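Below is one structure, written out as C-alpha cells; the observations come after it.
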Amino acid sequence: MENIALEELAQLMGTRAHMYNMLSRAFVAEADDEFIRQLRSMHFPQGTGSAATDSAYRQLYAYLRRPAESIIDDLAVDYARTFLGVGTMESRAAFPFESVYTSEKGLLMQEARDEVLAIYRAEGLEQTLNNPYNEGEDHLALELLFLCALAKRSQEALEAGDEAAAEACLLTQGNFMHDHVLNWALEWAADVPKYAQLPFYPAFAQLTEAFLREDAALLRELVGAEEDDRAADDGADTTNEAAQETRHAKEA
Amino acid sequence: MAEEMGFAAAHDGAEAQQQELGRLALKSFTEGGISPEEAQAVLNAPEPPRTWTPPTAQDGFDYCPDELEDRMINPGSGVGAYAALLQPTEAAPLPPHEAIPALFAKMKPYRQFLATILETCREGSETPTVDAALEPCYEFCSCVYSPIALRKMLVNAGALVNVLEWEDEAAAPEEPQLETAPDEDDFLEDADEFLEEELQQLEQEAAEAAEEEELLSGSVYDQEGYLVIEDEAEGAWLTTDEGLAYLDSIDPRKEFRAAVAQHPEIDDAFYDIIAYCAEEPRNITAIVQHYADDPRFGPSTYYPSYVVDRLEQIGALAWRKNWTPTEMGLEILAERQAQ
Chain A
1 MENIALEELA
11 QLMGTRAHMY
21 NMLSRAFVAE
31 ADDEFIRQLR
41 SMHFPQGTGS
51 AATDSAYRQL
61 YAYLRRPAES
71 IIDDLAVDYA
81 RTFLGVGTME
91 SRAAFPFESV
101 YTSEKGLLMQ
111 EARDEVLAIY
121 RAEGLEQTLN
131 NPYNEGEDHL
141 ALELLFLCAL
151 AKRSQEALEA
161 GDEAAAEACL
171 LTQGNFMHDH
181 VLNWALEWAA
191 DVPKYAQLPF
201 YPAFAQLTEA
211 FLREDAALLR
221 ELVGAEEDDR
231 AADDGADTTN
241 EAAQETRHAK
251 EA
Chain B
1 MAEEMGFAAA
11 HDGAEAQQQE
21 LGRLALKSFT
31 EGGISPEEAQ
41 AVLNAPEPPR
51 TWTPPTAQDG
61 FDYCPDELED
71 RMINPGSGVG
81 AYAALLQPTE
91 AAPLPPHEAI
101 PALFAKMKPY
111 RQFLATILET
121 CREGSETPTV
131 DAALEPCYEF
141 CSCVYSPIAL
151 RKMLVNAGAL
161 VNVLEWEDEA
171 AAPEEPQLET
181 APDEDDFLED
191 ADEFLEEELQ
201 QLEQEAAEAA
211 EEEELLSGSV
221 YDQEGYLVIE
231 DEAEGAWLTT
241 DEGLAYLDSI
251 DPRKEFRAAV
261 AQHPEIDDAF
271 YDIIAYCAEE
281 PRNITAIVQH
291 YADDPRFGPS
301 TYYPSYVVDR
311 LEQIGALAWR
321 KNWTPTEMGL
331 EILAERQAQ
C-alpha cells in the first residue's frame with residue numbers, strides 16, 4: 001500500500017464496495033422494478049482489461065436495453081429456475097450456498113454456514129447482513145455483502161488515515177475470499193448457464209466470477225501475501241477440484 | 001365359448017393356457033367335472049413365456065419398476081409418461097380467426113378487459129393509454145391478470161400487435177445472399193482434416209462475432225467508451241383486422257337472447273335476477289336465499305349462481321362489491337318491462 005496514495009486507495013475501496021453491493025443484489029432476490037431501473041441507468045464499462053468482464057457487461061446491456069414488457073415476470077421465473085430449482089429435472093439448480101458446494105452431501109446449513117456465521121459475529125455484522133434477508137448465512141449474496149461491508153470499513157479507515165486498521169480489514173477480506181468465496185463460487189458461476197434460460201443471470205454470474213478473480217489478485221497485491229497456497233487462482237482451482245470430486249462422488 | 005365365459009386372453013404368451021382353462025371349465029359344467037389327471041396337468045403346466053416387455057424411457061416412461069417391492073417403494077412410478085409432463089407438447093397455433101374466439105371463450109370472466117384493450121387500440125394507442133383505459137376495470141379486483149399478460153394473450157391470438165416491432169420487421173432489409181465459390185466443396189474434400197477443423201472453428205467464431213455485432217447494433221457509448229442505455233419509445237399497440245372483426249361481432253344483446261333461448265326452463269329468471277339486483281345491489285348469498293324456494297331452480301335445472309355467472313359474462317351484471325346491473329342490463333330490463 002506504500003506506493004498508492006491513500007485517497008486513491010479509499011476511492012478504490014468504495015468502488016469495490018459498490019460492485020459487491022450490486023452483485024449481492026442480483027442474487028439475493030428476484031429483480032424488481034427498482035433494480036432494473038438502476039441497472040438501465042448505469043454505464044456498462046468496456047475495455048476494462050478483462051475480456052470476461054467486458055463480455056458480461058455487453059450481455060447485460062444487450063438484454064436490458066430493449067426490455068420485454070414482462071421482464072420482471074420473466075426474470076422472476078428464471079431466478080426461480082436457476083437458483084431455487086423450480087421446474088427443473090430433479091429440482092437441480094445452481095444453489096448459491098457454500099454448504100451445497102463444499103459439504104459432502106451437498107446439503108444446506110452445513111459446516112460452511114457455521115464458519116461464516118462465526119466470522120460475521122466476530123466482525124459484528126451478523127444482524128446487519130441477515131436483515132432483511134432471511135437466507136442462510138453462507139448464501140452468496142450475504143458473503144458478497146460481507147465483503148462489501150468490509151470494503152466500506154477499509155474505505156472509512158483509509159479516509160481517517162488509519163492504515164493499520166485498513167490493512168487488517170483487507171487481510172480479513174483476503175482470508176475470507178480465499179476460505180469462503182473462491183473455494184466454491186467459481187464452480188457455482190459455471191453452473192448458472194446450465195439452468196438459466198435468459199442471459200441476465202449467466203451474465204451476472206460471469207461478471208461475479210471475473211470480479212472475484214480480479215479482486216483476489218488486488219487483495220493479494222495490497223496485503224502482500226507471499227505464500228504460494230494463498231494464491232487465489234491456484235488455491236481456488238485446487239479447492240474447486242476437491243469440491244467437484246466430492247460432488248461427483250456424491251452423484252455417482 | 002371361452003370368451004363368453006370370460007376367459008379373455010390377457011397376453012399373447014398365455015393365450016393357449018387360457019384357452020385350455022376355458023375348455024376345462026366348459027367341460028366341468030357340461031360333463032359334470034374334469035378328471036384329476038386333467039386338473040393336475042393344468043397345475044403342472046409351465047408358466048407361459050413372458051411376451052410383455054416393460055416400457056422404457058423411449059416409450060416415455062423414465063422408470064417402470066417390475067418388482068412389487070420396487071413399486072411399493074416408489075408408488076406411482078412408471079405410471080403415465082412422466083418425461084412427457086416435463087416437456088409438454090404444444091398444440092399447433094391456430095389462425096387468428098379461430099384463435100381470437102377461442103381466447104374469448106376461454107377467458108369468459110375477463111372478456112370485458114380484452115374487449116376494452118381491443119377497443120382502445122382500434123386506431124393505435126400507447127401503453128400508458130391502454131393501462132389507463134383498463135384501470136377502472138380493476139377497481140373491484142375482478143381480474144387476476146395484469147394488463148401486460150392480457151396484451152400478451154391478445155398478441156399471441158393475433159388480435160393485437162405492437163406497432164414498433166411491426167414497423168421494425170417491415171423495415172428490416174433483407175440480408176444479402178452471399179455467393180459461394182463453385183468449387184468450395186471440392187476444396188474442403190481435398191483439405192487436410194486439421195485445416196477443416198480450423199475452418200469450422202473460424203466459421204463458428206465469425207458467426208458468434210456476427211451475432212454479437214447484431215446484438216449490439218445501434219449501441220450508444222459515452223465519452224469513456226462505456227455502453228449507455230437510452231430510453232426508447234415503448235411503441236403503440238394496434239388492433240389487427242381480425243381483432244377488429246371479432247370486436248365488432250360482439251353483440252351482448254344477441255348473446256343475452258341466445259342465453260335465454262338456451263335455457264327455456266329458466267328464461268324468466270335472467271330478467272328476474274337483473275330486476276332483483278336493480279332494486280338494490282345484492283350479494284350472492286342474498287340472491288341464493290331469495291330464490292331458495294323457487295321451483296325453477298334446483299339440482300335438476302340450474303342454480304341462481306349459474307344465471308349470475310352467465311349475466312356477468314354477457315355484461316348485464318357487474319360486481320361492484322355487490323352484484324349490480326350494468327347499463328345494458330337495465331336497458332334489457334326496461335325493454336322487457338315495456339313489452
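So the protein lines, in turn, are chains A and B.
Those letters in the first sequence? Residues 1 to 252, per our numbering, in order.
Those letters in the second sequence? Residues 1 to 339, per our numbering, in order.
Where a beta carbon is used, it is the ideal one built from N, C-alpha and C, also for glycine.
It should be emphasised that the depicted structure is a prediction, and the values quoted were computed from it without experimental measurement.
Beta-carbon proximity of residue i to residue j, cut-off 8 Å
i                : j                : result
Leu219 (chain A) : Gln173 (chain A) : yes
Leu227 (chain B) : Phe44 (chain A)  : yes
Asp78 (chain A)  : Gln197 (chain A) : yes
Arg296 (chain B) : Glu265 (chain B) : yes
Ala210 (chain B) : Gly124 (chain B) : no
Leu134 (chain B) : Thr239 (chain B) : no
His290 (chain B) : Tyr276 (chain B) : yes
Ala189 (chain A) : Glu209 (chain A) : yes
Asn183 (chain A) : Thr102 (chain A) : yes
Thr326 (chain B) : Leu333 (chain B) : no
Leu244 (chain B) : Arg151 (chain B) : no
Own chain, CB closer than 6 Å to residue i, minus 5 neighbours either side, in chain order
i                : result
Ala287 (chain B) : The displayed chain sequence assigns Ile, not Ala, to residue 287 (chain B). Closer than 6 Å at the Cβ level, and outside the excluded window around Ile287 (chain B), lie Pro304.
Pro96 (chain B)  : Gly158, Glu242
Val86 (chain A)  : Ala80
Ile273 (chain B) : Val307
Glu230 (chain B) : Val220
Leu39 (chain A)  : Leu64
Glu20 (chain B)  : none
Leu6 (chain A)   : Leu158
First through last residue of the beta strand (DSSP E) which encompasses residue i
i                : result
Val86 (chain A)  : Run containing Val86 (chain A): none; DSSP gives neither H nor E here.
Trp237 (chain B) : 236-239
Pro304 (chain B) : From DSSP, Pro304 (chain B) is part of no beta strand (DSSP E) but of the alpha helix (DSSP H) over 304-314.
Val130 (chain B) : Counting along the chain, Val130 (chain B) falls outside any beta strand (DSSP E), though it belongs to the alpha helix (DSSP H) covering 127-134.
Asn162 (chain B) : 160-162
7 Å Cβ shell around residue i - same chain, five flanking residues per side excluded
i                : result
Leu108 (chain A) : Phe97, Ser99, Val100, Gly136
Met19 (chain A)  : Phe211
Ala102 (chain B) : Leu94
Gln127 (chain A) : none
Cys148 (chain A) : Ala17, Tyr20, Asn21, Ser24
Asp222 (chain B) : Val228
Cys143 (chain B) : Tyr110, Phe113, Cys137
Gln11 (chain A)  : none
Ile100 (chain B) : Ala157, Gly158, Ala159, Glu242, Gly243, Tyr246
Chain A contact for residue i (CB, 8 Å cutoff)
i                : result
Leu216 (chain B) : yes
Gly225 (chain B) : yes
Asp222 (chain B) : yes
Ile284 (chain B) : no
Ile148 (chain B) : yes
Lys321 (chain B) : no
Ile273 (chain B) : no
Val228 (chain B) : yes
Lys108 (chain B) : no
Lys152 (chain B) : yes
Same chain only: Cβ atoms within 8 Å of residue i, ignoring 5 sequence neighbours per side
i                : result
Arg320 (chain B) : Glu139, Phe140, Pro281
Glu123 (chain A) : Phe146, Ala149, Leu150, Thr172
Ala261 (chain B) : Asp267
Proximity test, Cβ basis, 8 Å: residue i and chain B
i                : result
Phe211 (chain A) : no
Gln46 (chain A)  : yes
Leu23 (chain A)  : no
Ala231 (chain A) : Below a pLDDT of 50, predicted positions are generally treated as unreliable, and Ala231 (chain A), at 48, falls in that range; the measurement from the model is reported next regardless. With 8 Å as the cut-off, Ala231 (chain A) does not count as an interface residue toward chain B.
Tyr57 (chain A)  : yes
Glu69 (chain A)  : yes
Tyr101 (chain A) : no
His178 (chain A) : no
Glu214 (chain A) : no
Tyr79 (chain A)  : no
Arg92 (chain A)  : no
Arg40 (chain A)  : yes
His43 (chain A)  : yes
Arg65 (chain A)  : yes
Extent of the continuous alpha helix (DSSP H) to which residue i belongs
i                : result
Asn175 (chain A) : 163-180
Leu154 (chain B) : 147-157
Ala318 (chain B) : Unbroken run through Ala318 (chain B) is the beta strand (DSSP E), 317-319; no alpha helix (DSSP H).
Ala95 (chain B)  : The identity of residue 95 (chain B) in the sequence shown is Pro, whereas the question assumes Ala. Looking at the DSSP string, Pro95 (chain B) is not in any alpha helix (DSSP H), and its letter there is neither H nor E.
Thr48 (chain A)  : First-last for Thr48 (chain A): undefined, no H or E at that position.
Any C-beta of chain E under 8 Å from that of residue i
i                : result
Arg121 (chain A) : Absent from the structure: chain E. Protein chains present are A and B.
Would you call the segment 116-125 of chain A in contact with the segment 84-91 of chain A, where contact means no fewer than 3 C-beta pairs closer than 8 Å?
The segment 116-125 of chain A makes no contact with the segment 84-91 of chain A, as fewer than three CB pairs between them are under 8 Å.
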